[in-house]
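Each residue of the sequence shown is one higher than the last, beginning at 2 in my numbering. Every residue, glycine too, gets a C-beta built ideally from N, C-alpha and C. Values in this document were obtained by computation on a predicted structure and should not be read as measured data. A short worksheet on the structure shown next.
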Amino acid sequence: MPRALLSVSDKSGLTGFARGLERLGFELYATGNTLKAIQDAAIDALPVTELTGFPELMDGRVKTLHPGVHAGLLARRDKVEHMEALEGLGLKTIDLVCCNLYPFVDTVSRPSVAFEDAIEQIDIGGPAMIRAAAKNHESVLVVVRPERYTEVLAVLQGGGADESLRRRLAAEAYAHTAAYDSWIAAYLRSQGGTGFPPELSFAGQLAQALKYGENEHQHAAFYRFGPDPGGLGGAKQLQGKELGFNNIQDAAAALALVSDFERPAAAIIKHTNPCGLAVAEDIATAYRMAYECDKVSAFGGVVAVNRPLDRSTAEMIVQIVTHVVIAPAVLEEANEVLARRKGMVVLAAREPGRGLFDYDVRTVAGGFLVQDWDRAGFDRASSEVVTKRQPTEQEWEQLGFAWTAVKHVKSNAIVLFKDCAAIGVGAGQMSRVEAVQIAVRRAAERARGSVMASDAFFPFSDGLEEGIRAGITAAIQPGGSMKDSEVIATADAAGIAMVVTGRRHFRH
2 MPRALLSVSD KSGLTGFARG LERLGFELYA TGNTLKAIQD AAIDALPVTE
52 LTGFPELMDG RVKTLHPGVH AGLLARRDKV EHMEALEGLG LKTIDLVCCN
102 LYPFVDTVSR PSVAFEDAIE QIDIGGPAMI RAAAKNHESV LVVVRPERYT
152 EVLAVLQGGG ADESLRRRLA AEAYAHTAAY DSWIAAYLRS QGGTGFPPEL
202 SFAGQLAQAL KYGENEHQHA AFYRFGPDPG GLGGAKQLQG KELGFNNIQD
252 AAAALALVSD FERPAAAIIK HTNPCGLAVA EDIATAYRMA YECDKVSAFG
302 GVVAVNRPLD RSTAEMIVQI VTHVVIAPAV LEEANEVLAR RKGMVVLAAR
352 EPGRGLFDYD VRTVAGGFLV QDWDRAGFDR ASSEVVTKRQ PTEQEWEQLG
402 FAWTAVKHVK SNAIVLFKDC AAIGVGAGQM SRVEAVQIAV RRAAERARGS
452 VMASDAFFPF SDGLEEGIRA GITAAIQPGG SMKDSEVIAT ADAAGIAMVV
502 TGRRHFRH
């Protein structure tokens, strides 16, 4: 008679699975609350103590950590000495393990969870049992996800699991325990760890398979960090077609940009760069101003706002092709308008949270880079005016907006800002002076009276000169060039104000 050991935290589908195993002739063993749930459903099952001959100890901390369980899991059926050892000790083989782990992730995702409560949700016996079963997967089926129950029952009903399924389930089992340990390590680091650890792993939960990646020949999927991490990982899709890889990247960039502003803000993103951005008293005005920044590039873009989306804003958005709209909430009056563009994706998402995997991660061939997120905002108090002329109060305000915006533009980056709106953006250029030229060209006559932000220092005065010729009245940049004195002298000669922040915002 085959034997199955069941010990699950997530009990969805449990009784149906147990009943199916019973009908297939399995003898069932279970732990604690799993046993109770099975027996309450009038399914015959035995306590795990029947395998171990030992009572559960220490409030259930010790129940499956016993040779009566692990010998039965690890014994190789093709080794006579293994089977003789089991028989000599009166131990039984176990042919199927169904186990998922204590809800550690859900526990630490709750606000203000006590450290002691989190520690109690670290499963010890479960991972050991899963790993043992997965190691011996040629003889033991290991099931860690309720969505596999139907498939496993069907295969067993049809004569048994083949090698391919056994290996797939084993791989899923090890991924389950690896992700679990990644969360535990991340939580403990958050309670007192400093710096980057000697070993670092990340745990993602599959949010959705994607139709394709950046291009149609690339396969792709979207994973999120935990049950509700905020940002795109916690977004709720309200309407529209299936999200694509590029949609998600652009939407994340747009959400991060508008989240950096306290006042109502709207941004339009293309290829993760802003082609429109504005701050106003309401988001309808902000969107109109953002659209006017670059009407051509706005076509087919991603729109983000940092206030609930209302009807008047929605009415403007649907006037052009827009692929994705993202807002903290969408009012019912706006839903009715957005529904006119049935293919347009509409997302409700709060700003990105600071979770346990709070890193900016970039993959490279053979490894990955990890850094803190660039959350540095504009700080007037720590900025230095290096020119003879001080900025006016109006210029200070626009310089702050421009400096916040340029952080979200690919380097080399230049942003011209005027009347609370970006009017010219030069992004991703190999030459900083070319980035200025692009921004100036897009701004055209609007550049006169604007301010200019540069994400890194001006290596020469030529970039600043391009802005001066276009009519800028003030500039903000990190400083630190060997030619700073020449750049400052150029600003003084033109009578413009220049602010140095001492901090750059490269974005590669």
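Kindly give me the distance between the Cβ atoms of A135 and Y175, rounded to whole angstroms, as I take these residues to be in contact under 8 Å. Here residue 135 is taken as the residue at index 134 of the sequence shown, counted from 1. Here residue 175 is taken as the residue at index 174 of the sequence shown, counted from 1. 6 Å between Cβ atoms; contact.
Pick out the complete alpha helix (DSSP H) segments inside the segment 313-348, 4 residues or longer, and give them in chain order. Counting whole runs of 4 or more residues, the segment 313-348 contains the alpha helix (DSSP H) stretches 333-339.
Cβ-Cβ distance between A72 and I44 below 8 Å: Numbered from its first residue, the sequence shown carries residue 72 at position 71. Numbered from its first residue, the sequence shown carries residue 44 at position 43. No. Outside cutoff.
Can you tell me where the beta strand (DSSP E) holding M483 begins and where it ends? As a working mapping, residue 483 is identified with position 482 in the sequence shown. That residue, M483, is in no beta strand (DSSP E); it is neither H nor E in DSSP.
Give me the Cβ distance between G227 and S110, rounded to the nearest whole Å; I'm assuming they're in contact under 8 Å. Against the sequence shown, residue 227 aligns to sequence position 226. Against the sequence shown, residue 110 aligns to sequence position 109. The Cβ separation is near 6 Å, so the contact holds.
Kindly indicate the opening and closing residues of the beta strand (DSSP E) around E28. The residue given as residue 28 occupies position 27 in the sequence shown. Residues 28-31.
Decide yes or no for the touch test of the segment 3-11 against the segment 29-40: beta carbon pairs closer than 8 Å, at least 3 of them. Verdict: yes, contact present.
What three-state label does DSSP hand Y150 in the structure shown? Numbered from 1 along the sequence shown, position 149 holds the residue referred to as residue 150. If DSSP states are grouped into helix, strand and coil, Y150 belongs with the helices.
When we look at the beta-carbon of T178 and count the other beta-carbons within 10 Å, is it buried (16 or more) or exposed? Here residue 178 corresponds to residue number 177 of the sequence shown, with the count starting at 1. So T178 ends up on the buried side.
Coil, strand or helix - M84 by DSSP: Stepping through the sequence shown from its first residue, residue 84 is reached at position 83. Note: M84 maps to helix in three-state DSSP.
Interface flag, I415 vs chain C, CB-CB below 8 Å: Given the protein chain composition of this structure (a single chain), no chain C is represented.
Report yes or no: do the segment 344-362 and the segment 212-221 share at least 3 C-beta pairs separated by less than 8 Å? no
Terminal residues of the continuous beta strand (DSSP E) containing I269? Here the question's residue 269 lines up with position 268 in the sequence shown. Run containing I269: 266-271, per the beta strand (DSSP E) assignment.
With 16 other Cβ atoms within 10 Å as the buried cut-off, status of W184: Locating residue 184 in the sequence shown gives position 183, counting from the first residue. Classification for W184: buried.
Whole-angstrom distance between I321 and I270, CA atom to CA atom: Taking the sequence shown and counting its residues from 1, the one referred to as residue 270 is at position 269. Taking the sequence shown and counting its residues from 1, the one referred to as residue 321 is at position 320. In a straight line, the C-alpha of I270 is about 14 Å away from that of I321.
When DSSP labels each residue in this structure, what does Y292 get in the three-state scheme? By 1-based counting over the sequence shown, the position of residue 292 is 291. Looking at Y292 - three-state DSSP - the assignment turns out to be helix.
Give the straight-line distance between the Cα atoms of A330 and L211, rounded to the nearest whole angstrom. Position 329 of the sequence shown, counted from the first residue, corresponds to residue 330. Position 210 of the sequence shown, counted from the first residue, corresponds to residue 211. The alpha-carbon atoms of A330 and L211 are separated by roughly 24 Å.
Host beta strand (DSSP E) of N101 (start-end): Translated into the one-based positions of the sequence shown, residue 101 becomes position 100. 97-101 is the span of the beta strand (DSSP E), which, as asked, contains N101.
Short of 6 Å in beta carbon distance, which residues of its chain neighbour Y103, apart from the five on each side in sequence? Order them along the chain. Here residue 103 refers to the residue found at position 102 when the sequence shown is read from its first residue. Excluding positions up to five away in sequence, the list reads S10, Q122, D124.
Cβ-based neighbour list, R381, same chain, cut-off 8 Å, excluding 5 preceding and 5 following: Here the question's residue 381 lines up with position 380 in the sequence shown. Same-chain partners within the cutoff: W397, G401.
Hey, how far is the Cα of I477 from the Cα of D118? As a first step, residue 477 must be located in the sequence shown, where it is residue number 476. As a first step, residue 118 must be located in the sequence shown, where it is residue number 117. Roughly 49 Å separates the two Cα atoms.
Figure out for me which residue from P353, D182, L233 has the closest Cα to the Cα of S260. Taking the sequence shown and counting its residues from 1, the one referred to as residue 260 is at position 259. Of the candidates P353, D182, L233, the one whose C-alpha sits nearest the C-alpha of S260 is P353.
How about S451 and I473: do their beta carbons lie closer than 8 Å? Here residue 451 corresponds to residue number 450 of the sequence shown, with the count starting at 1. Here residue 473 corresponds to residue number 472 of the sequence shown, with the count starting at 1. Yes.
Helix, strand or coil for Q158? Go by DSSP, reduced to three states. Here residue 158 refers to the residue found at position 157 of the sequence shown. In this structure, Q158 counts as helix in the three-state DSSP scheme.
I'd like to know if the segment 386-397 and the segment 230-241 are in contact, where contact means that at least 3 CB-CB pairs between them fall below 8 Å. no
Is it true that the CB of I131 sits closer than 8 Å to the CB of V143? For the purposes of this step, residue 143 is identified with residue 142 of the sequence shown, where counting begins at 1. For the purposes of this step, residue 131 is identified with residue 130 of the sequence shown, where counting begins at 1. Contact: yes.
Drop a sphere of 10 angstroms on the beta-carbon of P392, count the other beta-carbons inside from all chains shown, and report buried for 16 or more, exposed for fewer. Walking along the sequence shown from the start, residue 392 turns up at place 391. That one is buried.
List in chain order: all unbroken beta strand (DSSP E) runs of 3+ residues lying wholly within the segment 342-405. 346-349, 361-365, 368-372
Identify whether F223 lies in helix, strand or coil by the three-state DSSP scheme. Working through the sequence shown from its first residue, we reach residue 223 at position 222. Strand.
So if DSSP puts P48 in a beta bridge, which residue, or which two residues, is it bridged to? As a working mapping, residue 48 is identified with position 47 in the sequence shown. Partner(s): A31.
Nearest by alpha-carbon distance to Q192: which of P265, F116, F262, H220 is it? Along the sequence shown, read from residue 1 onward, the residue named residue 192 stands at position 191. Between Q192 and the set P265, F116, F262, H220, the nearest pair of CA atoms involves F116.
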